[in-house]
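First the structure, in the form of structure tokens, and then the observations on it.
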Amino acid sequence: MQPLTEDQVRAALVNATTDEIERVALPVDFLLVDWDHLDFLAWRDPRTRARGYVIAELDGAPTGVVLRATDGSSRGRPALCNLCHTMQPGDQVALFTARRAGDAGERGDSVGTYVCADLSCHENVRLAAPLAPSEVRASVDRRIDGTRHRVESFVERVAVAA
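Quick note, the working numbering runs 1214 ahead of the 1-based positions in the sequence shown.
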């Protein structure tokens, strides 16, 4: 992913209001981000835990969306993150919604999906579990590519005005 400044992060948020853009709290480690090894940038707002952000590159340009986490109670059963396809304990997966960009968002249209509650999908697909005798390391690369593709598709669904 190309390196971004704070102003570029704010400008990339396609479904944010002017007030939301002003209130964006960058991740605490923003100045330490290793952009060369990042497929997308995702974080929970350190000041407002119900808010999160995802920025991906669409057609070479950074495009981001503001997410809202639901206040649902934790579930006892394991759940699958729809972005990284990692199975997590039920309380570590949350429903996030994003108001669509443009007129669709103004009408109240939104897109939602279940995501790792801490938005750590980028790291989760890189966790190397011990290799089983029949497992090939390439499967990790496929997981990384699949996650990047699903994140880009989600951001695109929110960003495309309907």
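Where is the CB? At the ideal position from N, CA and C, for every residue including glycine.
Sub-8 angstroms separation of residue i and residue j beta-carbons
i: A1315; j: V1242; result: no
i: V1223; j: L1245; result: no
i: P1292; j: P1276; result: no
i: G1266; j: L1218; result: no
i: A1331; j: G1278; result: no
Three-state secondary structure assigned by DSSP to residue i
i: L1252; result: coil
i: T1361; result: helix
i: R1321; result: coil
i: V1354; result: helix
i: Q1216; result: coil
i: L1281; result: strand
i: R1265; result: strand
Spatial distance of residue i from residue j (CA atoms)
i: V1307; j: Q1216; result: 28 angstroms
i: C1335; j: C1298; result: 5 angstroms
i: G1290; j: T1300; result: 16 angstroms
i: D1259; j: E1320; result: 23 angstroms
i: C1295; j: S1367; result: 15 angstroms
i: D1248; j: R1313; result: 29 angstroms
i: R1356; j: G1274; result: 21 angstroms
i: G1322; j: R1362; result: 27 angstroms
i: V1354; j: G1360; result: 10 angstroms
i: E1234; j: L1252; result: 25 angstroms
i: A1256; j: E1337; result: 11 angstroms
Neighbourhood of residue i by C-beta, 8 angstroms cutoff - its chain only, sequence neighbours within 5 removed
i: A1264; result: R1282, A1283, D1285
i: T1262; result: R1237, A1239
Nonlocal neighbours in the same chain, by C-beta distance under 7 angstroms from residue i, ignoring five residues either side
i: A1230; result: V1280
i: E1370; result: L1272
Own chain residues within Cβ distance below 6 angstroms of residue i, not counting five before or after
i: I1358; result: V1339
i: F1254; result: A1270, V1365
i: T1311; result: R1282, S1324, G1326
Expected contact under 8 angstroms - CB spacing of residue i and residue j to nearest Å
i: V1325; j: V1372; result: 5 angstroms
i: Y1328; j: L1309; result: 6 angstroms
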